[in-house]
Amino acid sequence: NEIRATRDTGPSTRERALWLGTGGSWWPVTDRPLSFDLLLEQAVWGNGEGLLRFGAAHELTRRWSVEGTAELGLARDGTVGDLRQLRLATQYDVSDWLRGHSELTRSGGDAVQGRVVQGLQADWTRGPWQFGLGVEHSKPVEGAGGRLTSLSASADWRAADENWIIETGVDRSFGDAATRLSTDVGLAGRIGADWTLLGRSRLARQQRDAGQDTRQHRLRLGAAYRPVLMPRLDMLGWYERRLDHEESHEAAQLWSLAGSWQAGPDLRIDGRYSGQRSVLDLDAGPGGMQADTVLTQLARIGGEIDLLDDRITLGLDAMRLWDDAGAATHALGGELGLAVGEGAMVVIGYNATRRRVARMEGLIEEGAYLRVRMALGDGLVDRLAEFWER
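Just so you know, we're using my numbering here: the sequence shown kicks off at 72 and counts up by one.
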């Protein structure tokens, strides 16, 4: 079951809605894994159409499985509306190192679109190296859209003691109106027992038949500190540089320092300071005119207490967001977490803000929210994945 609150903010209107949802899953006893899912969601207050979603998955053989989902609109009087989304997919193993997938999707609404996707993925291991090659092709079967073919290659390295890992990947896509090339390199390594170094770089370039080409680069470097002699302390700091070039040139520097202290068996205190400095040039040439420079900073402190053997958590946060023009936003939030499984928790919370500023609308959310929190492991792969998202 779920409760969800939404708020749409526009230049002159502000609409709120309260949604109630319920669903379930059924796993009948069969020779091969089989499951059915059902979700019903309806707006009990405010505007909005509900939804009715069906899903099923079945492993036909050890090497072949199928699944599908269908989502329909649902009026308040119970009338089932038009089809919103349809997805039919199958996965199959050609061999121990080669697998394929096929997928058919259809979206309804004002602009109906349907696509078919087919792909192959090969993975194999040679000593400390793991290699991967993939190809995927999609084309429209209904509505607008063009063909797209993607090629991917990856090579990952793991040290024998797993104290260092390197992940690399290259993707190349060919469409009817544009081509895109992207690269991804990640590095994580343990320096002694207390420190972990983390880094990731992503570079992408898109060439269009009509229009301006685009280039993007993301580089993030950081370090995590978990002292063995003080296991209650956990800290992570990073610096990131972003470059975006199209008709204008935008450069941004981001930084963050966050820490967590286990003050007691059931009490944790968190803190974070982060900032972003952005520079926008209308002309990226040597004589380019600087259009805008913005410095935004965020400070946050909070605490969380565990109850009933970690099955329930209560949290409280205080935040301040400000920029170099003197604008500032303050927020106070509270949340309740309920453990629903191993490493998973459903969190319901509310944020109240004061002196909101238009340019900061998306940085601190106001009102009620619902989210699912998943716990990652302590391995380098998990740390590197978590590092890029935080």
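Ideal Cβ positions, reconstructed from N, Cα and C, are used throughout, including at glycine.
key: TRP309 burial status per 10 Å Cβ neighbour count (16 or more: buried)   = buried
query = What do you get for SER209, buried or exposed, if any count of 16 or more other CB atoms within 10 angstroms of its CB means buried?
reply = buried
ask   = LEU379 by DSSP, collapsed to three states: which one?
value = coil
task = Note down the Cα distance separating SER319 from LEU325, rounded to an integer number of angstroms.
result = 20 Å
task = Put VAL100 into one of helix, strand or coil per three-state DSSP.
result = coil
ask   = Closest Cβ-Cβ distance between THR285 and chain D: below 8 Å?
value = Protein chain content of the structure displayed is limited to a single chain, and chain D is not contained in it.
inquiry  = For GLU142, count the other beta carbons within 10 Å of its own beta carbon; 16 or more makes it buried, fewer makes it exposed. Which is it?
reply    = buried
Through-space distance from PHE125 to ASP101, alpha-carbon basis = The residue you asked about is not Asp; residue 101 is Thr in the sequence shown. Spanning the two alpha carbons is a distance of roughly 20 Å.
ask   = Where do the N-terminal and C-terminal ends of the beta strand (DSSP E) with ASN422 fall, by residue?
value = 415-425
request  = Kindly list the residues whose CB is nearer than 6 Å to the CB of GLN287, restricted to its own chain and excluding five residues on each side of it in sequence; keep chain order.
outcome  = ALA275 and ASP315
request  = Please say whether GLY293 and ASP341 have beta carbons closer to each other than 8 Å?
outcome  = no
query = With burial defined as no fewer than 16 other Cβ atoms inside 10 Å of the residue's Cβ, what is the status of THR384: buried or exposed?
reply = buried
inquiry  = I'd like the list of long-range same chain contacts for ARG17, defined as Cβ closer than 8 Å, with 5 residues on each side in sequence excluded.
reply    = No statement about residue 17 is possible, as the shown extent of the chain runs from 72 to 461 and does not include it.
GLU138, DSSP secondary structure in three states = strand
ask   = Anyone know if the C-beta pair for THR93 and LEU105 falls short of 8 Å?
value = Going by C-beta atoms, THR93 is not nearer than 8 Å to LEU105.
ask   = Residues bridged to THR367 by DSSP?
value = GLN347 and ASP394
ask   = How long is the line joining the alpha carbons of VAL443 and LEU407, rounded to whole angstroms?
value = 12 Å
query = Nearest CA to the CA of TYR421: which residue from ASP305, ALA224 and TYR440?
reply = TYR440
ask   = Hey, which unbroken runs of the beta strand (DSSP E) at 3 residues or more fall wholly within the stretch 189-227?
value = 200-213
Nearest-angstrom beta carbon gap, GLU213 and ARG177 [assumed within contact, 8 Å] = 7 Å
ask   = Of the choices ASP232, PHE245, LEU409 and THR367, whose alpha-carbon is the least far from that of GLY397?
value = THR367
ask   = In chain order, what residues of the same chain have a beta carbon less than 6 Å from the beta carbon of GLN162, not counting five sequence neighbours either side?
value = SER136 and HIS172
ask   = Are SER345 and ALA323 close, meaning C-beta to C-beta below 8 Å?
value = no
query = Is the distance from the Cβ of ALA399 to the Cβ of THR424 below 8 Å?
reply = No, the Cβ-Cβ distance between ALA399 and THR424 is not below 8 Å.
ask   = So what's GLN184 in DSSP terms, helix, strand or just coil?
value = strand
Rounded Cβ spacing between GLY246 and ARG218 (contact assumed at less than 8 Å) = 7 Å
query = Helix or strand or just coil, what does DSSP make of ALA231?
reply = coil
inquiry  = Helix, strand or coil, according to DSSP, for GLY92 in the structure here?
reply    = In the displayed model, GLY92 falls within a strand according to three-state DSSP.
key: Between the CA atoms of LEU369 and LEU338 - distance to the nearest angstrom   = Taking C-alpha positions only, LEU338 is separated from LEU369 by approximately 24 Å.
query = If LEU159 and LEU175 are in contact, beta carbons under 8 Å, what's the gap, nearest whole angstrom?
reply = 5 Å between Cβ atoms; contact.
Own chain partners of LEU290 with C-beta closer than 6 Å, once the 5 adjacent residues on each side are dropped = SER272 and ARG312, listed in sequence order.
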